[in-house]
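The structure under discussion appears below in the form of structure tokens.
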Amino acid sequence: MKHIKRAALLLATVGMVIGMTACSSQKTAGSDGNLTMQIWDNSQREAMQALADEYHKINPDVTIEVQVTSWDEYWTKLEAAAGSGNLPDIFWMHTNQILLYADNGMLADVTDLYDDDTYSHYSDVSIANTLGSDGRMYGVPKDKDTVCLVYNKEMFDQAGVAYPDETWTWDDLTEASQKIYDATGKYGYMAYCDDQLGYWNFVYQNGGYILNDDKTAAGFDQPATIEAMKFYIGLQDNEWCPDQNYFAETAPGNAFFSGQGAMFLEGTWNLMAEMKNYPEMQGKWDVAVLPKAPNPASGDGRATISNGLCYATSADNQDNETVMNFLKWLGTEEAQEIQSSYGAAISGYEGTEQAWIDAFDQFDYKLNVQACIDMFDYSVQSVNDATRPVWKSKVNDEMLKIYGGQVSVDEGLKNCNDIINEAIAEG
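Position in the sequence shown (from 1) plus 542 gives the number in the numbering used here.
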């Protein structure tokens with residue numbers, strides 16, 4: 543949710559629903575064997591339908607309808623459904639939102655869903671993406687991701703620059719950008735003002751942080767964070783990097799695939815769609831691990847932000863055998879292997895990564911997607927806490943003020959720190 547008023551409204555509505563549930567009778571979700579599965583990404587519709595079809599083969603009496611909406615519409619509809627006590631049978635839950643829903647009793651607790659070692663096949667980050675503030679699991683891990691560097695091979699060739707690899711540092715990124723601009727007149731690295739697909743990666747590479755480990759304080763006042771932020775923001779001052787006014791009209795991915803720039807940061811969840819949507823670009827672009835910080839305050843300079851979704855259901859379905867059995871099956875190796883094999887999302891179940899890699903074999907040119915998998919070794923969980931719905935948009939607004947010259951970098955970063963700490967204090 544983008545605004546505190548919406549978050550507050552949902553909190554109030556949730557409280558009303560919880561209070562009313564005990565004294566009202568509701569239709570048991572999925573009691574007739576027809577379930578709904580709500581998702582927000584049309585590029586994953588095929589994979590989700592394959593899961594629904596496979597489960598139907600195993601359980602002929604259960605039919606799952608996959609419903610797809612846009613990102614914004616998804617959360618608007620889910621909020622309304624939560625307020626009316628009519629959540630979908632199964633739905634995706636994002637880390638940005640899970641604490642709001644879980645902490646207010648809207649999601650089923652699935653901590654004890656399995657009586658075997660199924661959860662041991664998920665990384666700590668994947669498990670963390672399912673947790674409420676109480677440390678209990680309110681979703682079955684669905685997928686995981688990394689952020690990679692996408693680059694245009696033709697522009698690198700024209701500039702006589704070697705392709706990015708694991709030896710690259712921030713210095714290589716800037717030097718290559720300048721050479722490409724000089725040779726082609728096109729942008730180099732396009733430093734979009736974004737958190738997960740932008741500056742967060744640089745902060746953690748440099749040994750800084752956005753939130754401390756126990757999530758009690760912001761880290762925009764840390765020297766390593768400030769250094770990384772000044773580097774990232776300062777990229778805009780180069781002739782080879784668009785300013786944020788450019789990005790207000792053109793997303794970095796659109797600029798890249800229209801031949802306007804040589805590099806940008808992308809999430810693994812978009813790579814398959816981009817291969818399909820831009821067939822004329824096959825063989826002309828590739829992916830690499832992120833450049834590392836040259837002189838980090840701590841660590842080896844490597845980091846990539848990793849996020850992941852989970853499958854969830856309403857707390858009203860806690861004892862609904864039909865719904866819970868389907869939810870349980872979604873977390874099995876079989877189901878996770880199916881999802882990975884469609885190439886849109888890397889399943890969270892460890893050992894199913896190869897199926898995601900193999901999905902790219904359908905193209906004449908295969909991206910170096912192994913690089914995306916390699917980065918899990920130093921991935922950092924996407925930043926989140928219970929107050930993020932309050933501070934996320936405010937921090938972004940402050941960042942845009944810095945870029946626009948309305949405040950200095952030092953003042954703006956201090957304001958970001960204060961915004962987060964105030965939200966935490968007000969809890």
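A virtual CB, placed ideally from N, CA and C, is assigned to each residue, including glycine.
inquiry  = Taking the straight line between their C-alpha atoms, what separation do you get for alanine 564 and glycine 627?
reply    = What you label residue 564 is simply residue 22 of the sequence shown in a count that begins at 1. What you label residue 627 is simply residue 85 of the sequence shown in a count that begins at 1. Any reading at alanine 564 needs caution, since the residue's pLDDT is 33, under 50, leaving its predicted position unreliable; the model's value is listed next. Near 12 Å, if we compare the C-alpha coordinates of glycine 627 and alanine 564.
query = In chain order, what residues of the same chain have a beta carbon less than 6 Å from the beta carbon of glutamine 484, not counting five sequence neighbours either side?
reply = Residue 484 cannot be examined here, being either before or after the span of the chain that is shown, 543 to 969.
message = Using a Cβ-Cβ cutoff of less than 8 Å, which residues in the same chain neighbour leucine 577 once the five nearest sequence positions on both sides are dropped?
response = For the purposes of this step, residue 577 is identified with residue 35 of the sequence shown, where counting begins at 1. Excluding residues within five positions, the ones whose Cβ falls inside 8 Å are Ala571, Val604, Thr605, Ile606, Glu607, Asp631, Ile632, Thr864, Val865, Phe868.
message = Within 8 Å, do at least three Cβ pairs link the segment 757 to 769 to the segment 843 to 862?
response = no
query = Does the distance from the CB of glycine 809 to the CB of cysteine 690 come in under 9 Å?
reply = In the sequence shown, residue 809 corresponds to position 267, counting from 1. In the sequence shown, residue 690 corresponds to position 148, counting from 1. Yes, they are a contact pair.
key: Close beta carbons around tyrosine 820, own chain, < 8 Å, minus the five adjacent residues each side   = Taking the first residue of the sequence shown as 1, we reach residue 820 at position 278. Around tyrosine 820: Phe799.
query = With 16 other CB atoms within 10 Å as the buried threshold, where does lysine 728 fall?
reply = Position 186 of the sequence shown, counting from 1, holds the residue named residue 728. By the neighbour-count rule (16 or more Cβ atoms within 10 Å), lysine 728 is buried.
query = If we ignore side chains and look at the alpha-carbon of each, how far apart do glutamine 948 and threonine 611 end up?
reply = In the sequence shown, the residue the question calls residue 948 occupies position 406. In the sequence shown, the residue the question calls residue 611 occupies position 69. Spanning the two alpha carbons is a distance of roughly 37 Å.
key: Burial state of alanine 650, where buried means 16 or more other Cβ atoms lie within 10 Å   = One-based indexing of the sequence shown puts residue 650 at position 108. By the neighbour-count rule (16 or more Cβ atoms within 10 Å), alanine 650 is buried.
Alpha carbon of isoleucine 966 to alpha carbon of isoleucine 752, nearest angstrom = Against the sequence shown, residue 966 aligns to sequence position 424. Against the sequence shown, residue 752 aligns to sequence position 210. About 13 Å.
inquiry  = Using CA atoms only, rank isn't needed, just tell me which of Glu940, Asn963, Ile962, Glu964 is closest to glutamate 953.
reply    = In the sequence shown, residue 953 corresponds to position 411, counting from 1. Measuring from the Cα of glutamate 953, the nearest candidate turns out to be Glu940.
task = Out of Lys956, Arg587, Asn959, Val951, point me to the one whose CA is closest to aspartate 779's CA.
result = Residue numbering aside, residue 779 sits at position 237 when the sequence shown is read from its first letter. For the residues Lys956, Arg587, Asn959, Val951, the minimum Cα distance to aspartate 779 belongs to Val951.
inquiry  = Once DSSP output is grouped into helix, strand and coil, what is the label at isoleucine 980?
reply    = Lying before the first or after the last residue shown, residue 980 is absent from the chain, which here runs from 543 to 969.
Residues of its chain near serine 719, where Cβ-Cβ distance is below 6 Å and the 5 sequence neighbours each way are ignored = Here residue 719 is taken as the residue at index 177 of the sequence shown, counted from 1. In its chain, beyond the 5 residues on either side, Gly730, Tyr731, Trp782 have a beta carbon closer than 6 Å to the beta carbon of serine 719.
query = Three or more beta-carbon pairs under 8 Å between the segment 905 to 924 and the segment 659 to 677, yes or no?
reply = yes
query = What number of angstroms, rounded off, separates the C-alpha of tryptophan 712 from the C-alpha of alanine 839?
reply = Indexing the sequence shown from 1 puts residue 712 at position 170. Indexing the sequence shown from 1 puts residue 839 at position 297. Between tryptophan 712 and alanine 839, the C-alpha separation is close to 14 Å.
request  = To the nearest angstrom, report how far apart glutamate 875 and tryptophan 898 are at their CA atoms.
outcome  = Position 333 of the sequence shown, counted from the first residue, corresponds to residue 875. Position 356 of the sequence shown, counted from the first residue, corresponds to residue 898. Taking the straight line from one Cα to the other gives about 13 Å.
task = May I have the straight-line CA-CA distance separating alanine 935 from phenylalanine 905, to the nearest angstrom?
result = Your numbering for residue 935 matches position 393 in the sequence shown. Your numbering for residue 905 matches position 363 in the sequence shown. Reading off the sequence, residue 935 comes out as serine, not alanine. Each residue's alpha carbon lies about 39 Å from the other.
message = Applying the 10 Å Cβ sphere with the 16-neighbour rule, what's the burial state of glutamine 896?
response = Here residue 896 corresponds to residue number 354 of the sequence shown, with the count starting at 1. The residue is exposed, with fewer than 16 neighbouring Cβ atoms inside 10 Å.
task = Compare the beta carbon distance of glutamine 639 and tryptophan 613 with 9 Å and say whether it is the shorter of the two.
result = As a first step, residue 639 must be located in the sequence shown, where it is residue number 97. As a first step, residue 613 must be located in the sequence shown, where it is residue number 71. No.
key: Contact between the segment 591 to 603 and the segment 829 to 836 (3+ Cβ pairs under 8 Å)   = no
ask   = Leaving out the 5 sequence neighbours to the left and right, which residues in its chain are closer than 8 Å to glutamine 912 when beta-carbon positions are compared?
value = Mapped onto the sequence shown, residue 912 falls at position 370. Correct list, in chain order: Ile899.
key: Local conformation of lysine 818 per DSSP, three classes   = To locate residue 818, count along the sequence shown from 1; it is residue 276. If DSSP states are grouped into helix, strand and coil, lysine 818 belongs with the helices.
request  = Please classify glutamate 791: does DSSP put it in a helix, a strand, or coil?
outcome  = The residue given as residue 791 occupies position 249 in the sequence shown. Helix, per DSSP.
query = Around the Cβ of serine 675, are there at least 16 other Cβ atoms within 10 angstroms (buried) or fewer (exposed)?
reply = Here residue 675 is taken as the residue at index 133 of the sequence shown, counted from 1. Classification of serine 675: exposed, given that the 10 Å Cβ count is below 16.
request  = Jot down the residue ranges of each uninterrupted beta strand (DSSP E) in the segment 829 to 886, minimum 3 residues, whole runs only, in chain order.
outcome  = 846 to 848, 852 to 854
query = Quick one: what's got a C-beta closer than 6 Å to glutamine 700's C-beta in the same chain, skipping five residues either side?
reply = Mapped onto the sequence shown, residue 700 falls at position 158. Hits under 6 Å: Ala725, Thr726.
Boundaries (first-last residue) of the beta strand (DSSP E) holding glutamine 609 = Taking the sequence shown and counting its residues from 1, the one referred to as residue 609 is at position 67. Per DSSP, the unbroken beta strand (DSSP E) holding glutamine 609 starts and ends at 605 to 610.
task = Might you give, ordered along the chain, the residues of its own chain that have their beta carbon closer than 7 Å to the beta carbon of lysine 695, omitting 5 neighbours on each side?
result = Mapped onto the sequence shown, residue 695 falls at position 153. If the five residues before and after lysine 695 are omitted, its C-beta is found closer than 7 Å to the C-beta atoms of Tyr705, Lys826, Trp827, Asp828, all from its own chain and listed in chain order.
ask   = So is the beta-carbon of cysteine 783 under 8 Å away from any non-hydrogen atom of the ligand NAP?
value = No copy of the ligand NAP appears in this structure; indeed no ligand is present at all.
query = Using CA coordinates, which residue listed in Asp916, Tyr920, Ser883, Ile915 is at the minimum distance from phenylalanine 902?
reply = Residue 902 sits at position 360 when you count from the first residue of the sequence shown. Considering only alpha carbons, the answer is Ser883.
task = Output the distance between the C-alpha atoms of aspartate 714 and proline 836, rounded to the nearest integer angstrom.
result = One-based indexing of the sequence shown puts residue 714 at position 172. One-based indexing of the sequence shown puts residue 836 at position 294. So the alpha carbons of these two residues sit roughly 10 Å apart.
inquiry  = Cutting at 8 Å between CB atoms, please list the residues of its own chain near tyrosine 693, excluding the five before and the five after it.
reply    = Here the question's residue 693 lines up with position 151 in the sequence shown. Tyr705, Pro706, Ala804, Met805, Trp827, Asp828, Val829, Ala830, listed in sequence order.
message = My assumption, with CB atoms under 8 Å, is that proline 931 sits in contact with leucine 642. Please give the rounded CB distance.
response = For this step, residue 931 is matched to residue 389 along the sequence shown. For this step, residue 642 is matched to residue 100 along the sequence shown. That belief holds up - the Cβ atoms of proline 931 and leucine 642 are roughly 6 Å apart, short of 8 Å.
ask   = In chain order, what residues of the same chain lie with their CB nearer than 6 Å to the CB of threonine 758, ignoring the 5 residues before and after it?
value = Taking the sequence shown and counting its residues from 1, the one referred to as residue 758 is at position 216. Cβ within range, chain order: n/a, list empty.
key: Test item: CB-CB of alanine 887 and aspartate 685 under 9 Å   = Counting from 1 along the sequence shown, the entry for residue 887 is found at position 345. Counting from 1 along the sequence shown, the entry for residue 685 is found at position 143. Result yes, Cβ atoms of alanine 887 and aspartate 685 sit closer than 9 Å.
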